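Each remark here refers to the structure printed beneath this line.
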Amino acid sequence: NLYEIQSIYENGFNKLTDRYFNKTPWPEAEFIAPLVSGDQVFLILYKELYYRHIYNKLKIWNIHSVLNVLYSLVEKSRINYQLEMYNTNGNPDEVSGEFGIHPLYKMLGYFSLIGLLRLHSLLGDYFQAIKVLSNVELTRNTMYSRIPACQITTYYYVGFAYLMMRRYQEPFNLQLKVFMNEVAQQSMIPVIRSYLKLYTTMPIAKLAAFLDMMARNLQAL
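Here the sequence shown is numbered in UniProt numbering, starting from 1 and rising by one per residue.
See the structure below:
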């Protein structure tokens with residue numbers, strides 16, 4: 001169940017950590033493997049959480065290595081070039097390069113931009129925090145829109161960076177656009193529900209045609 005996995009990943013793990021492993025690390029993956037019949041997907045996720053818990057306990061961390069990793073992922077995925085093409089209705093695959101053509105690298109590059117936004121904000125470099133998102137259209141449905149936690153983080157740190165730069169009108173305009181987009185999306189829900197009651201087996205493409213919109217935009221609702 002995807003929703004249960006997400007809930008455990010974002011909330012349940014932290015609660016279990018505080019209760020049972022507040023001062024000690026979690027068991028290594030090798031000891032957990034027999035309990036899950038060697039499920040590789042589970043073990044990959046478990047290792048990520050295992051090391052996250054260890055590194056969260058460090059009182060200091062090497063900021064330069066973190067910046068290097070994030071910028072390397074951005075460069076290798078060529079995500080900025082892809083976003084430029086995407087924003088001009090071009091074909092991002094034309095500039096994606098050897099690695100950026102793969103969805104994994106594309107997503108890593110994109111979320112590295114969000115990571116850089118957060119990191120530069122924490123470091124107090126608010127101008128650079130905004131600059132790394134120069135090719136990201138915040139009011140447009142993009143990759144981060146699929147993950148609410150990432151979407152909230154993005155708007156929060158962008159708004160905070162603008163406030164710290166004393167550009168007070170910018171966060172107001174941004175939040176207003178986000179609010180109006182949400183209102184517009186919510187206004188479509190009663191119409192969609194009325195169609196669904198009548199046409200429970202109707203394909204998405206046909207329903208989108210009735211609503212005068214693209215199928216992918218309908219799915220985003």
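All C-beta atoms in this analysis are idealised placements derived from N, C-alpha and C, irrespective of residue type, glycine included.
All of these numbers come straight from a predicted model, not from anything done at the bench.
- Ser112 places its beta carbon 8 angstroms or farther from that of Val66.
- Under the DSSP assignment, Lys23 falls outside any alpha helix (DSSP H); it carries neither an H nor an E label.
- Burial is judged here by how many other beta carbons sit within 10 angstroms of a residue's own beta carbon; Ala184 has fewer than 16 and is exposed.
- For Leu108, the CB contacts under 8 angstroms within the same chain, skipping 5 residues up- and downstream, are Leu73, Ser77 in chain order.
- Short of 7 angstroms from the beta carbon of Tyr86, and not among the five residues preceding or following it, lie these beta carbons of its own chain, in chain order: Pro92.
- In this structure the stretch 151 to 170 touches the stretch 116 to 126; the number of beta carbon pairs closer than 8 angstroms is three or more.
- The C-beta of His120 has 16 or more other C-beta atoms within 10 Å across all chains shown, which makes the residue buried.
- Boundaries of the alpha helix (DSSP H) around Ile204: 204 to 211.
- A Cβ-Cβ distance of about 29 angstroms is found for the pair Phe99 and His53, leaving them out of contact under the 8 angstroms criterion.
- Only buried fits Val158, as 16 or more other CB atoms lie within 10 angstroms of its CB.
- The criterion of a C-beta distance shorter than 8 angstroms is not satisfied by Ile101 and Cys150.
- Nearest to Pro171 by C-alpha distance, out of Lys106, Glu48, Leu35, Ile130, is Ile130.
- Of the residues assessed, Leu116 falls on the buried side of the cut-off, its CB having 16 or more other CB atoms within 10 angstroms.
- Ala29 and Leu43 do touch by the CB rule: their CB atoms are close to 5 angstroms apart, below 8 angstroms.
- With fewer than 16 other beta carbons inside 10 angstroms of its own, Arg146 counts as exposed.
- Rounded to the nearest whole angstrom, the C-alpha separation of Ala33 and Gly97 is 37 angstroms.
- Just measuring C-alpha positions, the residue of Glu10, Tyr155, Phe31, Tyr105 sitting nearest Leu176 is Tyr155.
- A Cβ-Cβ contact shorter than 8 angstroms links Leu138 with Leu174.
- Sixteen is the threshold: when 16 or more other Cβ atoms of the shown chains lie within 10 Å of the Cβ of Ile79, as they do, the residue is buried.
- For the options Val178, Pro148, Gly90, the alpha carbon positioned closest to that of Glu10 is the one of Pro148.
- Excluding the 5 residues flanking it on each side, Val191 has same chain C-beta neighbours closer than 8 angstroms at Leu211, in chain order.
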